[in-house]
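Heads up, the thing below is written out as structure tokens.
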Amino acid sequence: MAEWTISIVLWLMAGYFIYVLSWLIYTYFISPLSLIPNAGILAPVSRLLWAFPSEHRGRITLDLPRLHEKYGPLIRIGPKELSFYSLDIYKTVNTVQSPFIKDPRVYGGFVQDAHPGLFSITDAYEHAQRRRLMGQIFNRSKMNLLEEYMTEKIAAFVLLLHQRGVQPVELVRACRALEADIVASFGFGEDIGAIAAWGSGHDVNVIKENDDKAQIMALLSNLPSVTTAWYRIESMLYHFTGWQTLSTAAMKDFDKWASSQLDRLTSISKPPFEPHPNFISTMIRSRLPPPVALSEAKEMLGPGTDTTSLTLAHILWGLAHDISFQDSLAADLALAHWPTDMTGLEALPRLRAAVKEGIRWAGAAAAMLPRIVPKEGATLAGKFIPGGTVISSSPIWYLRDKAAFPSPEIYRPTRWLDGDAESINPLRDEYYIPFSKGSFVCIGAHFAYLELYLSLSQILKSFRLTLPDSGTSMLSREASLPERLEWVAAVPVDRLEVQFLARL
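Numbers given in the numbering used here equal positions in the sequence shown, counted from 1, plus 1.
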């Protein structure tokens, strides 16, 4: 009996060994993807062996462009997953009505309360319907309705800067507080208290925890069973002991706050006229179910805060290096009487240049955007890619393309000041895709531009920006992109500090 048992075990082990060996031979030498260069020797075996560790360390979108430069437009990062760096492929994948759908594995991690929002919806028809509904408040023509409440939050922020005097300000935290209150006011009709909290020397817990969650998104999307098991264990521990992580407590507090805002907005039988409408009320009046409107507002708070705030922080830091350009920009704004409307702000070439270059340079929305090849397959860069293959790229790679943007690591607003036609890089505008392309282009682009135009112009109205302990030799120095890690959004490794000197 024992001999039979040993024999069966040996046969099973041999069978398993043959299966694994056969699969390895297939994935390395026979698979249609085997002709594509590998990101690492173990990449074809499992995304857990190359892609996941790189994502978790915040390195994947930093390391892949270097590999693409060496190996070409397509690189294999998993058994059935490719990274691509090619504007032609990007246009093909992200065209209007593209057959390349969003990968539910990744986008599912952004869903709030089981109600997918515009960013996390993967069905093309549902996405188009939701986008059409939300366009009524995000369209360029509606930006004048949002101007006043933005300037109100910026004014509160500027007042706190005045109170701090010449003490250096860490820009990432400061700008995050400003943009969090702007986005919360837009979404829920009330701010979240982030500016006041920053003025008191601390962060609103949910904003901090949202940043932390962004850094573990790789865990959530790659190991969903592990994270689900942990949440269940934590729930049991809380039930019996009352213990829970700070992250869970912060998210529960935010959920409670968000639900109270929904209750407030829906408790009025006939809401008064709102000259500056909030998102939830507008969507409910358009017959979007209240729980879905709430989920949309919650979903936009994180990405809407992180990306714009980081961009503003980089712009302010870059201008603090280049006092000469900063003074010229302030003079333009003063000559135009410090406009606050979108049309007046967009009419100033230096302001447009400072903001566009800041968006390009900061590359805040660092996440790769995975799509699934349609079942019939597709030919990309001369290679046939079978259906079901996941392909992804990051928009920020194109913002750093050396051919389109010479010295891409330098903050150089003058690259956007059009001189004679011969001086304009023909690739500049084509590679400027910070909000992606096609049907899934970011609906908040106009909102983000207005935030940045207003925030920058109103700050320059009150302050001259300088680096701590800088001298006259810094009057026209160009800033170089600070070292960073990149998860869903980019995170600078070092502090970005600036002094705000009150204008007389």
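Just so it is clear, CB atoms sit at the ideal spot from N, CA and C, and this is done for glycine as well.
Please read all numbers here as calculations on a predicted model, not as lab measurements.
Grab the span of the beta strand (DSSP E) containing Ser305 for me, first residue to last.
-> To locate residue 305, count along the sequence shown from 1; it is residue 304. One detail in the question is off: residue 305 reads as Gly in this sequence, not Ser. No beta strand (DSSP E) holds Gly305; the alpha helix (DSSP H) holding it covers Pro291 to His322.
Using three-state DSSP, classify His163 as helix, strand or coil.
-> Locating residue 163 in the sequence shown gives position 162, where the first residue counts as 1. In the structure shown, the three-state DSSP call for His163 is helix.
Where does the unbroken alpha helix (DSSP H) through Val184 begin, and where does it stop?
-> Indexing the sequence shown from 1 puts residue 184 at position 183. Taken as a continuous stretch (DSSP letters only), the alpha helix (DSSP H) holding Val184 covers Leu172 to Phe189.
C-alpha distance - Pro509 paired with Ser8, whole-angstrom precision | Since the displayed the chain opens at 2 and closes at 505, residue 509 lies outside it and no answer follows.
Beta-carbon proximity of Val489 to Met218, cut-off 7 Å | The residue given as residue 489 occupies position 488 in the sequence shown. The residue given as residue 218 occupies position 217 in the sequence shown. A contact, by the Cβ cut-off of 7 Å.
Where the alpha helix (DSSP H) containing Gly136 begins and where it ends | Mapped onto the sequence shown, residue 136 falls at position 135. Start and end: Ala125 to Phe139.
Measure how close the beta-carbons of Arg429 and Phe464 come, nearest whole angstrom, since I'm counting them as under 8 Å.
-> Looking up residue 429 in the sequence shown gives position 428. Looking up residue 464 in the sequence shown gives position 463. In this structure Arg429 is not in contact with Phe464, their Cβ atoms being roughly 30 Å apart against a cut-off of 8 Å.
On the DSSP bridge assignment, give the partners of Gln113 in chain order.
-> If you number the sequence shown from 1, residue 113 lands on position 112. In the DSSP output, where bridge partners are listed per residue, Gln113 has His116.
What are the boundary residues of the alpha helix (DSSP H) that Ser463 is part of?
-> Counting from 1 along the sequence shown, the entry for residue 463 is found at position 462. Per DSSP, Ser463 is one residue of the alpha helix (DSSP H) stretching across Ala446 to Ser463.
By the 10 Å Cβ neighbour count, where 16 or more other Cβ atoms means buried, how is Asp323 classified, buried or exposed?
-> Indexing the sequence shown from 1 puts residue 323 at position 322. Buried: at least 16 other Cβ atoms inside 10 Å.
If we call anything under 7 Å between Cβ atoms a contact, is His447 one with Met144?
-> Here residue 447 refers to the residue found at position 446 when the sequence shown is read from its first residue. Here residue 144 refers to the residue found at position 143 when the sequence shown is read from its first residue. Inclusion of His447 and Met144 in the CB contact set at 7 Å is warranted, their separation being smaller than that value.
To the nearest angstrom, how far is it from the Cα of Gly1 to the Cα of Trp244?
-> Outside the displayed span of the chain (2 to 505) sits residue 1, for which this structure offers no information.
Ala298 and Phe280: beta carbons closer than 7 Å?
-> Numbered from its first residue, the sequence shown carries residue 298 at position 297. Numbered from its first residue, the sequence shown carries residue 280 at position 279. Yes, they are a contact pair.
Under three-state DSSP, which class holds Arg429?
-> Stepping through the sequence shown from its first residue, residue 429 is reached at position 428. In the three-state scheme derived from DSSP, where H, G and I count as helix and E and B as strand, Arg429 is classed as helix.
Secondary structure at Arg265, three-state DSSP: helix, strand or coil?
-> Residue mapping note: residue 265 aligns to position 264 of the sequence shown, counting from 1. Three-state DSSP puts Arg265 in a helix.
Should Asn140 be labelled buried (16 or more other beta-carbon atoms within 10 Å of its own) or exposed?
-> In the sequence shown, counting from the first residue as 1, residue 140 sits at position 139. Asn140 should be labelled exposed.
DSSP state of Gln327, grouped into three classes?
-> The count along the sequence shown starts at 1 and reaches residue 327 at position 326. If DSSP states are grouped into helix, strand and coil, Gln327 belongs with the helices.
Range of the contiguous alpha helix (DSSP H) that encloses Val227 | By 1-based counting over the sequence shown, the position of residue 227 is 226. Segment Pro225 to Thr242, the alpha helix (DSSP H) holding Val227.
Taking 7 Å as the cut-off, decide whether the C-beta atoms of Val184 and Leu302 are in contact.
-> Numbered from 1 along the sequence shown, position 183 holds the residue referred to as residue 184. Numbered from 1 along the sequence shown, position 301 holds the residue referred to as residue 302. Contact flag set, yes.
Can you give me the Cβ contacts of Lys462 inside the same chain, cut-off strictly under 6 Å, excluding the 5 residues immediately before and after it?
-> Position 461 of the sequence shown, counting from 1, holds the residue named residue 462. The answer, listed in chain order, is Trp339.
Neighbourhood of Glu347 by C-beta, 7 Å cutoff - its chain only, sequence neighbours within 5 removed | The sequence position of residue 347 within the sequence shown is 346, counting from 1. Arg353, listed in sequence order.
Would you kindly report the start and end of the unbroken alpha helix (DSSP H) that includes Glu358?
-> Counting from 1 along the sequence shown, the entry for residue 358 is found at position 357. From DSSP, the alpha helix (DSSP H) with Glu358 extends over Pro350 to Ala363.
Which residues does DSSP pair with Val391 in a beta bridge?
-> Position 390 of the sequence shown, counted from the start, is the residue given in the question as residue 391. Looking at the DSSP assignment, Val391 forms a beta bridge with Glu82 and Ile373.
Please confirm if the stretch 48 to 56 is in contact with the stretch 4 to 22, defined as three or more CB-CB distances below 8 Å between the two stretches.
-> Three or more Cβ pairs closer than 8 Å define a contact, and the stretch 48 to 56 falls short of that threshold against the stretch 4 to 22.
By DSSP, does Val499 sit in helix, in strand, or in coil?
-> Locating residue 499 in the sequence shown gives position 498, counting from the first residue. Reduced to three states, the DSSP call for Val499 is strand.
Name, in chain order, the residues that DSSP records as bridge partners for Glu487.
-> Residue mapping note: residue 487 aligns to position 486 of the sequence shown, counting from 1. Glu487 is bridged by DSSP to Ala491.
Going by Cα to Cα distance, which pick from Leu36, Gln327 and Glu452 is closest to Met343?
-> As a position in the sequence shown, residue 343 is number 342, starting the count at 1. Out of Leu36, Gln327 and Glu452, the CA that lies nearest to the CA of Met343 is found in Glu452.
With a CB to CB cut of under 7 Å and the five nearest residues on each side skipped, what residues in its chain are close to Phe53?
-> Within the sequence shown, the letter at position 52 stands for residue 53. Ala219 and Asn223.
DSSP state of Ile26 mapped onto helix, strand, coil | Here residue 26 corresponds to residue number 25 of the sequence shown, with the count starting at 1. If DSSP states are grouped into helix, strand and coil, Ile26 belongs with the helices.
Determine the burial state of Thr380: buried for a count of at least 16 other Cβ atoms within 10 Å of its Cβ, exposed for fewer.
-> In the sequence shown, the residue the question calls residue 380 occupies position 379. A residue is called buried when at least 16 other Cβ atoms come within 10 angstroms of its Cβ; Thr380 does not meet this threshold and is exposed.
Quick one: any contact between the stretch 22 to 36 and the stretch 58 to 73, if contact means 3 or more CB pairs under 8 Å?
-> No, because fewer than three Cβ pairs between the stretch 22 to 36 and the stretch 58 to 73 fall closer than 8 Å, the two stretches do not touch.
Excluding the 5 residues preceding and the 5 following Ala456 in the sequence, name in chain order all residues of the same chain whose CB lies nearer than 6 Å to its CB.
-> The residue you call residue 456 lines up with position 455 of the sequence shown. With the sequence shown as reference, residue 456 is identified as Ser, and Ala is not the correct amino acid for it. Here the set comprises Ile155 and Leu313.
If you drop the 5 nearest sequence neighbours on each side, which residues of the same chain put their C-beta closer than 8 Å to that of Ile285?
-> For the purposes of this step, residue 285 is taken as residue 284 along the sequence shown, with counting starting at 1. Result list for Ile285: Leu266, Thr267, Pro291 and Ala294, in chain order.
Contact under 7 Å by Cβ, Glu358 with Trp417 | Within the sequence shown, numbered from 1, the residue matching residue 358 stands at position 357. Within the sequence shown, numbered from 1, the residue matching residue 417 stands at position 416. The answer is yes: Cβ separation under 7 Å.
Within 7 Å, strictly: CB atoms of Glu484 and Val494 | On the sequence shown, residue 484 is found 483 positions in, with the first residue counted as 1. On the sequence shown, residue 494 is found 493 positions in, with the first residue counted as 1. Contact flag set, yes.
Buried or exposed: which applies to Thr229, given that a residue is buried once 16 or more other Cβ atoms fall within 10 Å of its Cβ?
-> In the sequence shown, the residue the question calls residue 229 occupies position 228. Exposed is the call here.
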